[in-house]
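Q: Under the numbering used here, the first residue of the sequence shown is numbered 8, with each subsequent residue one higher.
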Amino acid sequence: MTALTTNQLEAFWLPFTPNSEFKRRPRIVSRAEGMYYFDQDGRRILDSAAGLWCANAGHCRAPIVKAIQDAAATLDFAPSFQFGHPKAFEAAAKIAALAPGDLNHVFFTNSGSESTDTAVKIAVAWHRARGEGTRTRIIGRERAYHGVGMAGISAGGMVNNKRWFNALAFQADHLPATYNRAEQAFTNGQPEWGAHLADELEKLVALHDASTIAAVIVEPMAGSTGVLPPPKGYLDRLRAITKRHGILLIFDEVITGFGRLGAAFAAERFGVTPDMITFAKGVTSGAVPMGGVVIDKKIYEQFMTGPDHAIDMFHGYTYSGHPLAAAAACATIDLYRDEGLFQRAAELEPYFGAAVHSLKGVRHVADIRNVGLAAAIDLDPIEGAPGKRGFETMKTMFFDKDVMFRVSGDTLAFSPPLIAEKSHVDEMFGRLAEALAAA
Ligand code: PXG
């Protein structure tokens with residue numbers, strides 16, 4: 008395969024990328040298998056990021072590939088407005104079966120961002136349908152990432168996603184982030200400190216009154232801003248406070264869903280059941296775009312009380328429950344079950360945690376956090392150039408050490424496919440230690 012020329016690189020504006028720099032020396036992969044990407048020259052690169060936190064079953068797995076191929080040849084598209092097709096129902100049932108409590112209904116989207124928009128709209132509509140139409144306020148959290156749709160921008164807590172687009176966003180309040188380096192540095196797993204930060208929700212209730220608040224949305228473990236595991240007891244408190252005030256609790260499990268934390272959902276791992284769970288990424292192991300919201304039956308049933316000819320909720324996407332995505336989801340969830348991949352992630356967690364913490368003391372390492380098969384390493388920023396050390400480390404690792412991972416500022420994030428072996432874990436962190444020591 009020949010390398011792409013500069014002209015061929017020009018048209019595609021890559022998302023969340025410095026494009027000019029990228030096009031001078033592009034990082035391009037053209038094939039994938041299991042734990043590895045391959046570049047156009049056949050160089051093998053260890054995928055320590057499951058793509059973008061999504062290829063949880065590993066890449067190009069045969070049963071998923073076959074399901075997509077069969078679907079493409081059998082039913083390329085079918086509408087989900089007023090009509091249906093079998094695989095969408097099958098996928099919804101499989102997802103609902105994995106979700107805890109009464110989270111029995113699934114609304115399909117195509118991405119995490121659309122899932123945030125959907126969950127927030129359902130929350131506001133549900134309160135209105137019950138006669139509490141004043142409940143419209145959404146509460147997110149600092150350092151949250153809920154995607155780039157309007158609800159994600161509004162409820163999210165990353166400054167670069169907000170400041171450019173603030174004029175378009177709706178007003179939302181934010182709980183404080185749960186991370187505090189002075190209290191939590193180099194914690195392996197959930198920090199002891201920080202459960203009390205959930206009590207800030209009581210202050211927001213006192214300020215605005217519960218009758219104006221529709222929902223709280225949080226990532227059970229913040230992913231994009233650098234793997235922030237919830238402090239012990241934090242999610243339980245959030246659940247208790249939301250329940251007390253009739254506020255819906257939404258877990259954004261776009262990253263934590265489908266085994267990342269060693270259970271189907273983080274809700275299961277942490278023993279806290281929200282009213283809605285948003286998902287995407289791992290539902291198809293990244294093979295076809297798909298997202299959605301798992302919804303508690305009390306919410307769903309509230310919408311089912313109108314006349315027979317009337318639409319119950321004015322929301323949906325052309326590609327909600329797309330046949331290829333639904334087929335991929337069914338095959339992926341079956342593969343997770345058949346290979347016991349969630350359990351496997353749980354079993355590898357102690358080894359993975361010890362391996363990442365072995366980098367404590369390595370040059371430039373300022374903090375390390377982990378839970379499940381997710382870990383982040385904060386590097387000390389280069390003075391006057393925040394983000395540069397992270398960016399340079401990512402490039403060195405990709406080009407010279409054959410390892411791919413995610414970088415956000417000076418934070419490196421690791422989230423390998425759940426099929427990872429101990430040798431892969433040694434490889435990713437061993438090579439990183441070498442690269443940092445030489446930098
Ligand atoms: N919620 C969460 C918790 C996410 O992590 C989204 C929503 C949005 O999903 P879509 O499918 O619209 O992108 C995400 C996305 C990173 C990284 O490097 C994380 C995401 C996407 C790209 C990069 O951490 N998460």
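Virtual Cβ for every residue (Gly too), placed ideally from N, Cα, C.
With residue 114 as the anchor, note down where its beta strand (DSSP E) starts and where it stops.
A: Walking along the sequence shown from the start, residue 114 turns up at place 107. Per DSSP, residue 114 belongs to the beta strand (DSSP E) from 110 to 116.
Q: Taking 8 Å as the cut-off, decide whether the C-beta atoms of residue 386 and residue 397 are in contact.
A: As a position in the sequence shown, residue 386 is number 379, starting the count at 1. As a position in the sequence shown, residue 397 is number 390, starting the count at 1. Yes; because the gap between Cβ atoms is below 8 Å, this pair is in contact.
Q: So is residue 191 buried or exposed if we call it buried at 16+ other beta carbons inside 10 Å?
A: For the purposes of this step, residue 191 is identified with residue 184 of the sequence shown, where counting begins at 1. By the 10 Å Cβ count, residue 191 comes out buried.
Q: Compare the Cα-Cα distances from residue 188 to each of 231, 225, 236 and 227 and report the closest residue.
A: Position 181 of the sequence shown holds residue 188. Selected option, being the one with the closest Cα: 236.
Q: Go to residue 207, then tell me how far its alpha helix (DSSP H) extends in each direction, as first and last residue.
A: Translated into the one-based positions of the sequence shown, residue 207 becomes position 200. Here the alpha helix (DSSP H) through residue 207 covers 207 to 215.
Q: Under a three-way DSSP split, which group does residue 243 fall into?
A: The residue given as residue 243 occupies position 236 in the sequence shown. Helix.
Q: Cα-Cα, which of 378, 376, 411 and 371 is closest to residue 394?
A: The sequence position of residue 394 within the sequence shown is 387, counting from 1. Checking every option, the nearest Cα to that of residue 394 belongs to 371.
Q: For residue 172, report the span of its beta strand (DSSP E) as first-last.
A: Position 165 of the sequence shown, counted from the start, is the residue given in the question as residue 172. Segment: none, residue 172 is in no beta strand (DSSP E) and carries neither H nor E.
Q: Using a Cβ-Cβ cutoff of less than 7 Å, which residues in the same chain neighbour residue 356 once the five nearest sequence positions on both sides are dropped?
A: For the purposes of this step, residue 356 is taken as the residue at position 349 of the sequence shown. Cβ within range, chain order: 269, 379 and 380.
Q: If you follow the beta strand (DSSP E) that residue 148 is part of, which residue opens it and which one closes it?
A: The residue labelled residue 148 in the question sits at position 141 within the sequence shown. Counting along the chain, the beta strand (DSSP E) containing residue 148 begins and ends at 144 to 148.
Q: Alpha carbon to alpha carbon, what distance is there between residue 25 and residue 444?
A: Indexing the sequence shown from 1 puts residue 444 at position 437. Indexing the sequence shown from 1 puts residue 25 at position 18. Near 26 Å, if we compare the C-alpha coordinates of residue 25 and residue 444.
Q: Tell me whether residue 53 is buried or exposed, calling it buried when 16 or more other Cβ atoms sit within 10 Å of its Cβ.
A: To locate residue 53, count along the sequence shown from 1; it is residue 46. Flag for residue 53 reads buried.
Q: Going by the DSSP bridge assignment, what does residue 415 pair with across the sheet?
A: Mapped onto the sequence shown, residue 415 falls at position 408. Answer is 418.
Q: Which residue wins for smallest C-alpha separation from residue 111, given the options 100, 120, 121 and 117?
A: If you number the sequence shown from 1, residue 111 lands on position 104. When each option's Cα is compared against that of residue 111, the closest is 100.
Q: Given this structure, state the Cα-to-Cα distance separating residue 392 from residue 362, to the nearest angstrom.
A: Stepping through the sequence shown from its first residue, residue 392 is reached at position 385. Stepping through the sequence shown from its first residue, residue 362 is reached at position 355. Spanning the two alpha carbons is a distance of roughly 29 Å.
Q: Relative to the C-alpha of residue 41, which residue among 285, 400, 234 and 64 is closest?
A: As a position in the sequence shown, residue 41 is number 34, starting the count at 1. Ranking 285, 400, 234 and 64 by Cα distance to residue 41 puts 64 first.
Q: Is residue 234 near the ligand PXG - that is, is its Cβ less than 7 Å away from at least one heavy atom of it?
A: Start at 1 with the first residue of the sequence shown, and residue 234 comes out as number 227. The answer is no for residue 234.
Q: What I want to know is whether the C-beta of residue 262 ends up closer than 7 Å to one or more non-hydrogen atoms of the ligand PXG.
A: On the sequence shown, residue 262 is found 255 positions in, with the first residue counted as 1. For the ligand PXG, at least one heavy atom lies less than 7 Å from the Cβ of residue 262.
Q: By alpha-carbon positions, which one of 426, 401, 424 and 406 ends up nearest to residue 416?
A: The residue you call residue 416 lines up with position 409 of the sequence shown. Taking only the C-alpha atoms, the option nearest residue 416 is 401.
Q: Output yes or no for whether 8 Å exceeds the beta carbon distance between residue 248 and residue 264.
A: As a first step, residue 248 must be located in the sequence shown, where it is residue number 241. As a first step, residue 264 must be located in the sequence shown, where it is residue number 257. No, the Cβ-Cβ distance between residue 248 and residue 264 is not below 8 Å.
Q: Just to confirm, is the Cβ distance from residue 205 to residue 144 under 8 Å?
A: Numbered from its first residue, the sequence shown carries residue 205 at position 198. Numbered from its first residue, the sequence shown carries residue 144 at position 137. Not closer than 8 Å, so no.
Q: Let me know if residue 308 comes out buried or exposed under the rule of 16 or more other beta-carbons within 10 Å of its beta-carbon.
A: Along the sequence shown, one-based indexing puts residue 308 at 301. Label assigned to residue 308: exposed.
Q: Run through DSSP, which three-state label would residue 256 get?
A: Taking the sequence shown and counting its residues from 1, one reaches residue 256 at position 249. Strand, per DSSP.
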